[in-house]
Amino acid sequence: MTRRYDASAFEPAWVARWEDEGLYEAVEDPADPRPRFYALDMFPYPSGDLHMGHAEAFSGGDVVARYHWMRGDNVLHPIGWDAFGLPAENAAIKRGFAPGPWTEANIEQQAASFKRMGMSFDWSRRLHTSDPDYYRWTQWLFLRFFHKGLAYRKESPVNWCPKDATVLANEQVIQGACERCGTMVERRNLTQWFFKITDYAQRLLDDADELVDWPERVLTMQRNWIGRSEGAEVTFAIEETGEEITVFTTRPDTLWGATFFVFAVEHPAVRRLAELAGTWEQVEPLVRRADQTSLVEREAADTREGVFLGVYAVNPVNGERIPCYAAPYVLTGYGTGAIMAVPAHDQRDFEFARRHGIEVRVVVQPADDDPLDGATMTEAFAAEGVMVASGPFDGHLTPASIAEVTTWLEGAGRGKGAINFRLRDWLISRQRYWGPPIPIVHCPTCGEVAVPDDELPVRLPEDVDFQPGGESPLARHATWKHVACPTCGGEAERDTDTLDTFVDSSWYFFRYCSPGYEDGPFRREDVDRWMPVGQYTGGVEHAILHLLYSRFFTKVLYDLEMVGFTEPFPRLMNQGQVIFDGASMSKSKGNLVEPMPLVQRWGADTVRLTMLFAGPFEDDIDWKLIAGDPDKRPGVHQWLGRVFAAVSDAVASTGEEPEALVRLTHKTIKGVTEDVERFRLNTAISKLMVLTNEMRTALDAGGGARAAATALTQMLAPLAPFAAEELWRVELGNESSVHRSSWPVFDPALAADTSVTLVVQVDGKVRDKLEVAADITETDALAAARASDGARRALAGLDVRAEIVRAPRLVNFVTRS
RNA sequence: GCGAGAGUGGCGGAACCUGGCAGACGCGCUGGACUUAGGAUCCAGUGCCCGAAAGGGCGUGGGAGUUCAAAUCUCCCCUCUCGCACCA
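Note that my numbering has the first sequence beginning at 90, numbered continuously upward.
If you want it as structure tokens, here you go:
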């Protein structure tokens with residue numbers, strides 16, 4: 090009987106049945122001979138129900154996990170929630186709830202939605218980062234960093250979001266605005282906790298070369314973020330005080346062209362030097378303004394502003410005295426916060442020099458062009474050339490001379506080769522409630538003291554006014570912070586800041602390997618058995634933040650001998666964003682489309698297929714363009730209807746399976762396998778559609794299609810797990826799940842065509858097409874082509890000068906010379 | 001400005017890795033069949049132009065090049081998206 094497709098009739102039942110059968114639990118038995126495969130999805134924030142982006146990302150990840158099960162792997166496909174942090178906390182406060190219960194409620198909702206969508210998660214390993222059993226180990230790991238000198242506290246200018254009332258990491262500031270709320274970030278001098286990620290800058294950069302299965306754009310973003318520059322450090326002396334100020338430059342070959350010297354306005358020497366020289370009155374307004382304006386305002390401001398400090402620096406290569414300025418265009422966080430300025434060969438210095446009437450001295454001339462004149466040039470010359478007016482280096486060619494000058498500086502004790510990174514240390518403390526308390530006690534006599542491991546977790550109190558307000562809510566609690574110093578027993582105070590959410594999410598994938606482990610964050614044997622992750626799937630918005638931090642964590646844990654590898658995610662897949670009519674979806678815009686109502690109406694398989702068939706997984710999906718009329722039946726739903734009809738008819742069919750269908754079945758297995766391996770799910774689905782159409786043709790002609798139906802159902806299983814299971818067990822009559830069946834294999838002999846289309850061209854234009862045997866000889870192919878109607882017509886009256894024969898695909902007659 | 005990626009029908013996209021039938025598959029649209037009038041289903045057509053048809057011409061952002069042959073390889077240009085953005 091032809092079976093009608095009605096998803097609601099069986100999808101919920103399979104959810105329950107799969108759970109009863111424990112179908113998706115990873116097997117821990119070390120004696121299990123199957124290869125292990127760790128399919129990891131970036132865990133979600135519980136800030137509401139699932140959105141369309143989750144539907145796409147997790148559908149893709151689920152295909153990978155299910156495919157690997159069918160390939161015979163022992164698959165670990167866990168799920169958890171990134172439950173701490175600003176997104177959840179802000180959403181809860183906005184709605185008048187406490188973050189904890191609100192987060193829990195969302196998690197339950199998302200969990201139910203994931204199950205309804207047919208995600209093959211191993212629920213026994215579920216974790217929440219806000220659970221004390223989890224954040225205990227987040228704190229424990231923080232202390233390992235602390236003891237190793239990789240977690241430290243310092244006062245420095247930091248990013249402050251006035252709306253969220255907390256500091257932010259550099260990575261959380263997007264174009265000068267808070268990553269979360271979009272408010273312009275301010276700069277404040279505060280004492281904060283940092284992770285010393287800069288110690289790992291070179292390794293993060295070097296190991297990126299190994300990540301060949303990462304999207305190129307993500308690697309590029311990470312490399313740019315780390316921002317390595319090679320150059321030299323050169324020490325200048327301040328004439329008036331004799332103090333030495335070191336600068337970093339990538340162009341030591343232009344040292345002889347330095348005609349002024351610039352300090353960042355925040356540089357600690359600025360005030361002292363200005364007061365000494367009696368210029369503080371002129372300098373102070375600039376310093377104060379830079380301190381108070383937001384980063385964006387500062388960048389948009391007069392870019393070549395600056396004030397003469399009244400003192401002079403001595404150029405170590407020629408003893409020349411050059412004026413010192415303070416200017417906002419020199420950044421305090423990069424290099425040493427002071428620069429030598431070479432206006433002839435740096436555009437920024439050039440503009441500053443012209444503005445302030447400073448000499449522009451050319452020390453590199455273009456090799457094959459008219460010589461430059463510093464007095465008249467209109468822009469800096471940064472290209473390669475010949476060094477001039479540079480003492481012992483006159484005539485040397487740059488950039489080769491950079492290394493020569495560096496060596497010479499080192500020999501003369503005036504400088505040394507140096508490497509600088511753009512990457513800054515990771516600011517991890519937050520003045521907010523919803524995160525793991527930093528497990529440190531501040532003691533007046535002992536200083537910063539680690540909370541002993543056996544006193545972890547330092548629990549987050551629940552009786553707290555968690556409204557943000559400039560200091561951490563934990564500081565406002567009446568009693569929480571008062572403790573005895575673990576070292577001396579005297580009166581002391583807990584650190585009242587909490588850890589950045591990204592600390593929680595930098596190690597969760599290790600915890601999945603040892604769920605519930607009580608003697609540490611994870612067992613090394615477990616982690617080394619499952620990891621590195623076989624396939625990591627998630628959004629490109631984490632290209633820098635989460636992925637860089639997780640790589641950093643893994644390297645630190647490697648150095649602590651807690652894991653046996655240095656890269657956690659060798660294979661990364663980023664799904665594109667789901668947008669609507671060119672804009673991001675949001676409730677305020679009224680263009681939010683949520684997956685669960687669609688699941689209710691059309692079924693989970695339809696939602697999964699819609700996302701996966703829309704285009705390449707890594708491309709953005711514009712819902713407005715793919716969805717069509719919301720009241721019309723989606724195309725993939727119609728296809729599933731045809732699949733149900735074809736498979737059920739095939740079961741009832743008694744005829745012989747036609748050769749063309751057998752052949753197509755094997756070709757499809759070959760093609761779909763390749764597509765799934767390469768994550769090309771849109772084309773995998775299209776190939777299954779073609780097979781479905783061919784089955785229909787065969788059945789309508791009275792033929793059989795049972796083998797095709799079996800293969801189609803199995804290949805459908807990772808993509809549309811409910812429909813495939815229903816067909817597999819009910820229509821095809823199998824006892825056990827299609828999701829534990831073996832992925833079909835193709836017979837190469839049957840996957841190859843016996844006859845192919847021979848294209849006949851004249852001068853590269855198609856003039857005829859012939860069906861020929863796949864093993865046709867070149868001679869026969871040429872003869873057949875020559876005899877074809879199309880060729881005869883097109884060649885009439887023309888001389889054939891050459892015949893290109895590529896049997897069995899093509900023959901091209903060339904008539905032109 | 002620097003870096004990365006992308007430009008193919010009315011739409012999403014396929015073919016690009018490996019040069020050889022451009023437009024698979026689906027949506028939409030047009031015409032038809034059927035009917036218990038349904039979220040139907042099925043059949044046919046659907047790049048553009050000329051033509052009744054046969055057939056022909058044009059066609060993958062633009063321009064050059066390599067080649068018997070270019071969406072595909074090379075170079076230049078244009079446009080768009082994303083990321084970074086005074087990083088010395």
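Yeah, the Cβ is synthetic: ideal placement off N, Cα and C, and Gly gets one too.
- Message: Quick check on the DSSP output: the beta strand (DSSP E) that includes K505 runs from which residue to which?
- Response: Counting from one through the first sequence, the residue named residue 505 turns up at place 416. Residues 504 to 510.
- Residue range of the unbroken alpha helix (DSSP H) whose run includes L714: Position 625 of the first sequence, counting from 1, holds the residue named residue 714. L714 -> alpha helix (DSSP H) spans 712 to 716.
- Query: Leaving out the 5 sequence neighbours to the left and right, which residues in its chain are closer than 8 Å to T576 when beta-carbon positions are compared?
  - Reply: Within the first sequence, residue 576 is the residue found at index 487, counting from 1. For T576, same chain residues with a beta-carbon under 8 Å away, outside a window of 5 residues either side, are C532, C535, V538 in chain order.
- To the nearest angstrom, report how far apart K676 and D138 are at their CA atoms. Position 587 of the first sequence, counted from the first residue, corresponds to residue 676. Position 49 of the first sequence, counted from the first residue, corresponds to residue 138. Distance between the alpha carbons of K676 and D138: 13 Å.
- Item | Separation of E892 from T885, as counted between CA atoms | Residue 885 sits at position 796 when you count from the first residue of the first sequence. Residue 892 sits at position 803 when you count from the first residue of the first sequence. Reading off the sequence, residue 885 comes out as Ala, not Thr. Rounded to the nearest angstrom, the two C-alpha atoms are 16 Å apart.
- Below 6 Å CB to CB, which residues in the same chain sit around V301 once its five sequence neighbours on both sides are set aside? What you label residue 301 is simply residue 212 of the first sequence in a count that begins at 1. Cβ neighbours of V301 beyond the five flanking positions: none.
- Message: With distance defined between alpha-carbon atoms, name the residue in T487, H445, A469, T868 nearest to A456.
- Response: By one-based count along the first sequence, residue 456 stands at place 367. A check of alpha carbon separations from A456 across T487, H445, A469, T868 identifies T487 as the nearest.
- Item | Residue ranges of each beta strand (DSSP E) within the segment 415 to 501, 3 or longer | Listed in chain order, they are 427 to 430, 474 to 476.
- Task: Express the C-alpha separation of T324 and V449 in angstroms, rounding to a whole number.
- Result: What you label residue 449 is simply residue 360 of the first sequence in a count that begins at 1. What you label residue 324 is simply residue 235 of the first sequence in a count that begins at 1. A direct Cα-to-Cα measurement between V449 and T324 gives close to 22 Å.
- Could you pull the start and end residues of the beta strand (DSSP E) that G127 belongs to? For this step, residue 127 is matched to residue 38 along the first sequence. The question names Gly, yet the displayed sequence has Tyr at residue 127. That run of the beta strand (DSSP E) goes 125 to 130.
- Message: Please give the ranges of any beta strand (DSSP E) in the segment 115 to 202, keeping only runs that are unbroken, at least 3 residues long and fully inside the region.
- Response: You should have 125 to 130, 163 to 165.
- Message: Could you check whether L729 and A787 sit closer than 8 Å to each other, using their CB atoms as the reference points?
- Response: Within the first sequence, residue 787 is the residue found at index 698, counting from 1. Within the first sequence, residue 729 is the residue found at index 640, counting from 1. No.
- Mind checking which residues open and close the beta strand (DSSP E) that includes G536? As a working note, residue 536 is residue 447 in the first sequence. Note, G536: beta strand (DSSP E), 536 to 539.
- Query: In the DSSP assignment, what are the bridge partners of A672?
  - Reply: Indexing the first sequence from 1 puts residue 672 at position 583. Per DSSP, the beta bridge partners of A672 are F669.
- Message: Let me make sure I understand the geometry here. Which of A841, I633, V616 has the alpha-carbon closest to that of Y127?
- Response: Stepping through the first sequence from its first residue, residue 127 is reached at position 38. The residue among A841, I633, V616 with its C-alpha nearest the C-alpha of Y127 is V616.
- Task: Return the chain-ordered ranges of every beta strand (DSSP E) run that is complete within the segment 801 to 866 and spans a minimum of 3 residues.
- Result: Listed in chain order, the beta strand (DSSP E) elements of length 3 or more contained wholly in the segment 801 to 866 are 844 to 851, 854 to 862.
- Could you pull out every residue in the same chain whose Cβ sits closer than 7 Å to the Cβ of Q454, ignoring the five residues on either side in sequence? In the first sequence, the residue the question calls residue 454 occupies position 365. Sequence-distant partners of Q454 (beyond 5 residues in either direction) whose C-beta falls short of 7 Å from its own C-beta, in its chain, are P460, L461, G474, V475, V477.
- Of the residues G150, I315, D738, N509, which one's Cα is nearest the Cα of F337? The count along the first sequence starts at 1 and reaches residue 337 at position 248. Of the candidates G150, I315, D738, N509, N509 places its Cα closest to the Cα of F337.
- Message: Once the 5 residues before and after V732 are set aside, which same chain residues still bring their CB inside 6 Å of it?
- Response: For the purposes of this step, residue 732 is taken as the residue at position 643 of the first sequence. Contacts found: T781.
- Message: Which runs of the beta strand (DSSP E) at least 3 residues long sit entirely within the segment 247 to 273? Give them in chain order.
- Response: Those beta strand (DSSP E) runs which fall completely within the segment 247 to 273 and span 3+ residues are 255 to 257.
- Reduced DSSP category for G627 - H, G, I as helix; E, B as strand; rest coil: Translated into positions along the first sequence, residue 627 becomes position 538. Note: G627 maps to strand in three-state DSSP.
- Message: Helix, strand or coil for Y522? Go by DSSP, reduced to three states.
- Response: Position 433 of the first sequence, counting from 1, holds the residue named residue 522. Y522 falls in the coil class under three-state DSSP.
- Message: Do A883 and A874 count as a contact pair if the criterion is CB distance below 8 Å?
- Response: In the first sequence, residue 874 corresponds to position 785, counting from 1. In the first sequence, residue 883 corresponds to position 794, counting from 1. No, the pair does not count as a contact, with Cβ atoms beyond the cut-off.
- Query: What number of angstroms, rounded off, separates the C-alpha of V855 from the C-alpha of L847?
  - Reply: The count along the first sequence starts at 1 and reaches residue 855 at position 766. The count along the first sequence starts at 1 and reaches residue 847 at position 758. When only Cα atoms are considered, V855 and L847 end up about 10 Å apart.
- Assign Q311 to buried or exposed, taking buried as 16 or more other Cβ atoms, counted over all protein chains shown, within 10 Å of its Cβ. Taking the first residue of the first sequence as 1, we reach residue 311 at position 222. Taking a 10 Å sphere around the C-beta of Q311, we find 16 or more other C-beta atoms and assign the residue as buried.
- Item | Cα-Cα separation between L808 and A102, rounded to whole angstroms | Along the first sequence, one-based indexing puts residue 808 at 719. Along the first sequence, one-based indexing puts residue 102 at 13. Looking at the two C-alpha atoms, the distance is approximately 18 Å.
- Touching by the beta-carbon criterion (3+ pairs, under 8 Å), the segment 283 to 300 and the segment 634 to 650: As far as the Cβ criterion goes, the segment 283 to 300 touches the segment 634 to 650, which means the pair count is three or higher.
- Where in the segment 691 to 745 do unbroken runs of the beta strand (DSSP E), each at least 3 residues long, occur, reported from the N-terminal end onward? Given a length threshold of 3 residues, the segment 691 to 745 has no whole run of the beta strand (DSSP E) inside it.
- Which residues in the same chain have their Cβ closer than 7 Å to the Cβ of V645, if we skip the five residues on either side of it in sequence? As a working note, residue 645 is residue 556 in the first sequence. Cβ neighbours of V645 beyond the five flanking positions: F234, L239.
- Query: Which stretch, first to last residue, makes up the alpha helix (DSSP H) that contains A896?
  - Reply: What you label residue 896 is simply residue 807 of the first sequence in a count that begins at 1. For A896, no alpha helix (DSSP H) segment is defined, and its DSSP state is neither H nor E.
- Message: Just to confirm before moving on: does the CB-CB distance between V940 and R410 stay below 8 Å?
- Response: The structure shown has nothing for residue 940, since the chain only spans 90 to 906.
- Message: On the DSSP letters alone, give me the boundaries of the beta strand (DSSP E) that M662 sits inside.
- Response: The sequence position of residue 662 within the first sequence is 573, counting from 1. Residues 661 to 664.
- Message: Is it buried or exposed, I263, if we count other Cβ atoms within 10 angstroms and call 16 or more buried?
- Response: Residue 263 sits at position 174 when you count from the first residue of the first sequence. Burial call: exposed.
- Could you give the distance in angstroms between the alpha-carbon of Q436 and the alpha-carbon of A430? Here residue 436 is taken as the residue at index 347 of the first sequence, counted from 1. Here residue 430 is taken as the residue at index 341 of the first sequence, counted from 1. Q436 and A430 have their C-alpha atoms roughly 10 Å apart.
- Message: Quick check on the DSSP output: the beta strand (DSSP E) that includes F234 runs from which residue to which?
- Response: Here residue 234 refers to the residue found at position 145 of the first sequence. For F234, there is no enclosing beta strand (DSSP E); the residue is found in the alpha helix (DSSP H) stretching over 221 to 236.
- Query: By the 10 Å Cβ neighbour count, where 16 or more other Cβ atoms means buried, how is A812 classified, buried or exposed?
  - Reply: Taking the first sequence and counting its residues from 1, the one referred to as residue 812 is at position 723. The residue in question, A812, is buried, as its Cβ has 16 or more Cβ neighbours within 10 Å.
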